[in-house]
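Chains as they are written, first to last, in our numbering: chain C, 802 to 965; chain P, 802 to 965. Where a beta carbon is used, it is the ideal one built from N, C-alpha and C, also for glycine. Inspection log for the structure reproduced underneath, given as structure tokens.
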DNA sequence: ACCTGAACACCGTTCAAGT
DNA sequence: ACCTGAACACCGTTCAAGT
């Protein structure tokens, strides 16, 4: 395993185990067992590390969605489940600037392919659907629903609207 | 005008004019004309500054939505327009941790009241709708749609789904 | 080829000291 | 009551120097 892979694996571990706030170049170096400046011999900057995490996250999300039942409710459920199980990764994938020039060009489309399929190839509808599932996940992750809110019911209402 | 108000006004100005990345206690102090430690005589910490910005943002959003045509398309359009016109404020309002204990308890509900009304008082439907409009805005603000995407069409598809 | 310490320009925050 | 400089524990990043 190259030093570079070692660094990216460590970054992935920090992200999922310690959270995004702890993902610093200094902490990353510490986990790898080296001083922070040494990282720059193997990655250009932190943005490159983040881009790698986004790529890995998109691949994992694509896999989870591809394995879900293709019906809308199943797909929406798989999307939500994956996001809740990988909160910090989901945030990195969707909220941080996407450096597309550092990304495998196919990986973004692959993650959205199941959504595209559920919308019968209608781009506008696929984006509306993606917005809806992403929005519900994002509000939940950001703690915008009151503690006693029935979030499952909100998901059912969303699915009903798009199936209507 | 109290020093505290002066500080919060300056924070609002930095947020909208220089962006969230420049909103630091040190920059804030500089704009107010004082050293950073002095701020702590007037606000407890940065979280309190952010909470004040969230409250002001929610109030402004509530106003914009209340002034919109109550039909779904008009409401969705007003939501999107406001978010795009106040990008950094929108991000602070929706993405940063919401310190509800520092917030006027009615302001959050006030912002969502028009959405609630559009859902005929159905909480689940209102949350699905909020998720959908927020999600589309968030993906657009995060640059997740390709440059040639017809985002207007995505909004129409979303409105159609919920009106269906 | 790889790693290091020192440095630079930043953060949020605390605190003793001054008025 | 308010403001200050100095300090602490952090950031990302650069660079000359060592092996």
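In whole angstroms, what separates the C-alpha of residue i from that of residue j?
i                      : j                      : result
residue 954 of chain C : residue 850 of chain C : 38 Å
residue 855 of chain C : residue 875 of chain P : 35 Å
residue 904 of chain P : residue 893 of chain P : 14 Å
residue 895 of chain P : residue 806 of chain P : 23 Å
residue 885 of chain C : residue 942 of chain C : 8 Å
residue 836 of chain P : residue 827 of chain P : 7 Å
residue 871 of chain C : residue 915 of chain C : 7 Å
residue 928 of chain C : residue 960 of chain C : 14 Å
residue 900 of chain C : residue 945 of chain C : 28 Å
residue 902 of chain C : residue 830 of chain C : 25 Å
residue 839 of chain P : residue 950 of chain C : 41 Å
residue 857 of chain C : residue 847 of chain P : 33 Å
residue 816 of chain P : residue 897 of chain P : 13 Å
residue 818 of chain C : residue 802 of chain P : 46 Å
residue 907 of chain C : residue 814 of chain C : 24 Å
residue 923 of chain P : residue 948 of chain C : 17 Å
residue 832 of chain P : residue 832 of chain C : 39 Å
residue 841 of chain C : residue 853 of chain C : 15 Å
residue 958 of chain C : residue 864 of chain C : 26 Å
residue 845 of chain C : residue 845 of chain P : 38 Å
residue 921 of chain C : residue 823 of chain C : 41 Å
residue 917 of chain C : residue 917 of chain P : 29 Å
Could you check which residue in the options has the C-alpha nearest to that of residue i?
i                      : options                       : result
residue 867 of chain P : P:924, P:881 and P:912        : P:912
residue 952 of chain P : P:922, P:878, P:819 and P:844 : P:878
residue 887 of chain C : C:828, C:834, C:939 and C:964 : C:939
residue 919 of chain P : P:958, P:869 and P:889        : P:869
residue 963 of chain P : P:925, P:950 and P:946        : P:925
residue 909 of chain C : C:845, C:862 and C:802        : C:862
residue 825 of chain C : C:817, C:812, C:835 and C:834 : C:812
residue 880 of chain P : P:848, P:898 and P:956        : P:956
residue 821 of chain C : C:890, C:852 and C:906        : C:890
residue 883 of chain P : P:853, P:860 and P:803        : P:860
residue 965 of chain P : P:873, P:922 and P:906        : P:873
residue 843 of chain C : C:921, C:809 and C:947        : C:809
residue 834 of chain C : C:823, C:804 and C:845        : C:804
Assess, as a yes-or-no matter, whether the stretch 921-940 of chain P is touched by the stretch 933-950 of chain C under the definition of 3 or more beta carbon pairs within less than 8 Å. Contact holds: three or more Cβ-Cβ distances are below 8 Å.
Could you give the uninterrupted runs of the alpha helix (DSSP H) lying entirely in the stretch 909-934 of chain C, keeping only those of 4 residues or more? none
Considering only residues of the stretch 820-903 of chain P, which uninterrupted beta strand (DSSP E) runs meet the minimum length of 3 residues and lie entirely inside it, listed in chain order? Here no run is fully enclosed.
Using a Cβ cut-off of 8 Å, which residues of the stretch 846-876 of chain P contact any Cβ in chain C, in chain order? none
Using Cβ-Cβ distances below 8 Å, what residues of the stretch 813-843 of chain P are close to chain C? none
Under 9 Å (Cβ pairs) to chain P, residues found in the stretch 914-936 of chain C: 920, 923, 924, 925, 926, 927, 928, 929, 930, 931, 932, 933, 934, 935 and 936
Interfacial residues, the stretch 949-963 of chain P to chain C, with Cβ spacing under 9 Å: 950, 951, 952, 953, 954, 955, 956, 957, 958, 959, 960, 961, 962 and 963
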